[in-house]
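See below for the structure under consideration.
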Amino acid sequence: MRHRFLLFVLVALSTVCQAQKADYGKMSGLVRQAALDHRQHQRIHTRNASTTERCITAFVRIDRSQTDDVLALHRCRKLAQWGDICIAEIPLSALERLSAESSVSRIEANRPGSLQMDTTTTIVNALPVYEPSAGHQAYTGEGVVVGLVDVGFDLGHPNFYDAALTHYRIGAFWDQLTKDTIGSQMVVGRDYIGYETVRAVEHSTDAPTETHGTHTLGIAAGSGFDTPYRGVAFDSDICAVANAVNSNIEYIDSADYYKFSTAVDALAFKYCFDYADRQGKPCVASFSEGYPPYLDEEDSLYAAVLDSLCGPGRIIVAAAGNGGVEKSYFEKLAESWEAGAFVRCFQENAQYKIKTDGAVRLLLYYYGGGASEPTDTLAFETAEVPIDTILSKTLLCDGDTIKFFVYRDLSRFDTDDIWQILIQGNQTLNKLAPMALVVEGLSRVEVYGSSIYAFTDNAIDSRWIAAQRGRDVYAPGCFPRIICVGATAHRLSVKNEQGKVVTGYAGKDAGTVWEYSSTGPSINGLTKPDVVAPGTNVISSFNRLYQPENSVVAYSSIGDERYPWGVMTGTSMATPVVAGIIALWLQAKPDLTPEEVKEVLSRSCRQLDTSLNYPNNFYGYGEIDAYRGLLEVLGLSGIEGLSLQQPAGVQVYPAEGGLRLLLSQIPTEPIQMKVYTLSGTSICSKQLTIDSLETLVSLPISASGIYAVQIESISHKLKGSQLVRLNP
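Residue numbers (this note's numbering): 1254 to 1981.
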């Protein structure tokens, strides 16, 4: 959805002169669009002006000493502030005048992104990603808030109670799309606080057409109810926000069109953190959404605000994106004269971004009538495109019309030139004759597309084969302090609730980063993703109002009501896995910072491909390991003799006066058990002769707390360590 709006902006700016008091150079693309849209709206409705003031929610960089006075002068409502950046609700009629203020250096907003879910969900009936186990006995997310910003929430699903249905765990819910706004203090929608209020809502406004949030929240924090599909931090408190994305825009009134932006997404994260602060708890916020980032300052204020929001006990986790299947990037090295690739797009317009360290010639070759050489060419050179200027050229061929727009600016990340390219056809581009985008010159040039606006090879001209996969990590996952998550696959053969067997990924290798998962480096040069987690064929709760066809694997019944459980695939599913694990780590260390999380990842992740150096742009630091990470957070990984993995054949539970050991088989030889405090002191060592599958072991422990239990055996399955919370 976001990509369509730049077309309007480029076309409008190419035909509208700047107002005397407006500084469009300070505005991001969507803000420019809003200002020009208001100008046109005023011309059309001068005699019958609407009594409703249309507004935009935007970031504003402004002299801090003048913020309140300047915003009040232009009838803006300040919603939040971090240093010299604030989020404000700005009347569209005030945008041009606000941009002319000397104290204002930037006004930024962009459309929200899309869900990072694979386009084809796959049905499963394999073991769940997370089984109830002894690994959850000591750390379960208790005392931590899991914040989740998503769409399609079934607030009454038993997954959001505890497993016994005695405690409802969603403490706050902000529905940004609801029309129930009378008396609301929120910039969009309304929020609901407390059990009675939240449960009275039943579901988010978009629940009839979306189920994504019910699924991702269940992965991060669901209790599992009476199923094995328990989430990670199943004892956590929950704060949820139902936001706007490209697939639920139908619920937004046209008058509120500009209110929904990346600034509102930033406010959603702040809402989760503020709720956690009121509870006196740390918070991890999960965001399974994103969009292709810009190369210029379009995202600079958004990145700065999220940087300010994160800190001790405040972590944001975001999806890397699902653009890995398509070729969305190519480059031309300085020592090469030319490089190019054919356009691959199933829409009427395609948007690309070009980054160059010097002069460049940009060409669009058109191959009409199946010719092996270009029959028509559109071209732009650096010298003819001044900075902050939009130019366009048109090609008429075989009854088709192709328009070629270019906009040139300077990067705010470095000293490079940035070109925004728009190719517009009179029908979907894939139905036109082949078109190749080519760059020429002695400069280094990078060309970026997306999974929607991609590239391909074409045998019609073998010169343009530079397209490659990668460099397609989405924002905000590409921002420095955000924990960015890619996806691996561990389930390949699956079965749905009707017993239909589906092999979604035959011939693929399980346990590797999956082909749809976006890879780095990011558009701003960072190694991304930071970590990967299972994201393929993940089972979790589904919304009762909307259940994707054939994707339900089970139902839970409460009275006459049936609650579905289903499967989805994507980095959307991997993201809440990581968020839930970080919630466990926050329970162990409530002041954990994003930088410390990355340190833990660097020391504890499983490196699935040993041929690579880590971190890298495919796996980041590797696949997340919840238990080993906990040992790192607690400082126990350095205890000599303590295993960094849990035993597969024995589960250790607290029992009155000691421990209860549940074994999968009776060992033929005695086992050795040691117990350590969190300081690393060994307080007990016993040799045990086991003659049954369940054994009680007494311990000389009088103090409550977390203890590490190490078991040694000649059986590999019985060897490992386990964290246990004891309350003697």
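Beta carbons are placed, not taken as given, at the ideal position from N, Cα and C, and that holds for glycine. Computed from a prediction, not measured in an experiment: that's the story for all the values here.
Asked: The stretch 1819–1834 touching the stretch 1785–1796, judged by at least three CB pairs closer than 8 Å; Found: yes
Asked: Cβ distance (whole Å) where residue 1465 is taken to contact residue 1404 below 8 Å; Found: 5 Å
Asked: Buried or exposed by the 16-neighbour rule on C-beta atoms within 10 Å, applied to residue 1839; Found: buried
Asked: Coarse secondary structure for residue 1881, derived from DSSP in three states; Found: helix
Asked: Where residue 1409 falls, given that 16 or more other Cβ within 10 Å makes a residue buried; Found: buried
Asked: Simplified DSSP assignment, three categories, for residue 1351; Found: helix
Asked: Proximity to residue 1544 [Cα-Cα], best of 1729, 1647, 1591; Found: 1729
Asked: Closest residue to residue 1460 among 1843, 1801, 1958, 1855 (Cα-Cα distance); Found: 1801
Asked: Where residue 1584 falls: helix, strand or coil (DSSP); Found: strand
Asked: Distance between beta carbons of residue 1853 and residue 1873, contact taken as under 8 Å; Found: The pair is not a contact, with the Cβ atoms about 13 Å apart (cut-off 8 Å).
Asked: Under 8 Å between C-beta atoms of residue 1601 and residue 1680; Found: yes
Asked: Residues of its chain near residue 1623, where Cβ-Cβ distance is below 8 Å and the 5 sequence neighbours each way are ignored; Found: 1686, 1713
Asked: Backbone secondary structure at residue 1653 - three-state DSSP; Found: strand
Asked: Distance CB(residue 1575)-CB(residue 1703) smaller than 8 Å; Found: no
Asked: Pairwise C-alpha distance: residue 1635 and residue 1642; Found: 11 Å
Asked: Close-in-space but distant-in-sequence residues of the same chain around residue 1846 (CB under 7 Å, 5 per side omitted); Found: 1564, 1565
Asked: beta-carbon residue 1775 near the ligand MN non-hydrogen atom, thresh 7 Å; Found: You won't find the ligand MN in this model; it holds no ligand whatsoever.
Asked: Cβ-based burial, residue 1813 [other Cβ within 10 Å; buried from 16]; Found: exposed
Asked: Local conformation of residue 1767 per DSSP, three classes; Found: coil
Asked: Boundaries of the alpha helix (DSSP H) in which residue 1876 is found, first to last residue; Found: First-last for residue 1876: undefined, no H or E at that position.
Asked: Terminal residues of the beta strand (DSSP E) in which residue 1673 lies; Found: 1670–1678
Asked: Closest by C-alpha distance to residue 1401, when choosing among 1696, 1330, 1539; Found: 1539
Asked: Alpha-carbon spacing of residue 1595 relative to residue 1885, whole angstroms; Found: 48 Å
Asked: Contact under 8 Å by Cβ, residue 1956 with residue 1737; Found: no
Asked: Meets three-Cβ-pair contact criterion under 8 Å: the stretch 1706–1724 and the stretch 1575–1590; Found: yes
Asked: Residues bridged to residue 1615 (per DSSP); Found: 1633, 1692
Asked: Within 8 Å, strictly: CB atoms of residue 1958 and residue 1979; Found: yes
Asked: One or two residues paired with residue 1947 in a DSSP bridge; Found: 1915
Asked: As assigned by DSSP and simplified to three states, the class of residue 1937; Found: strand
Asked: Nearest-angstrom Cβ-Cβ length linking residue 1696 and residue 1739, presumed shorter than 8 Å; Found: About 31 Å separates the two Cβ atoms, so there is no contact after all.
Asked: Cutoff 8 Å; reference residue 1527; Cβ partners in own chain excluding five residues on either side; Found: none
Asked: CA-to-CA distance, residue 1815 to residue 1752, given in whole angstroms; Found: 18 Å
Asked: Beta-carbon proximity of residue 1484 to residue 1472, cut-off 8 Å; Found: yes
Asked: Own chain residues within Cβ distance below 7 Å of residue 1969, not counting five before or after; Found: none
Asked: CA nearest to the CA of residue 1603, picked from 1891, 1590, 1593, 1658; Found: 1658
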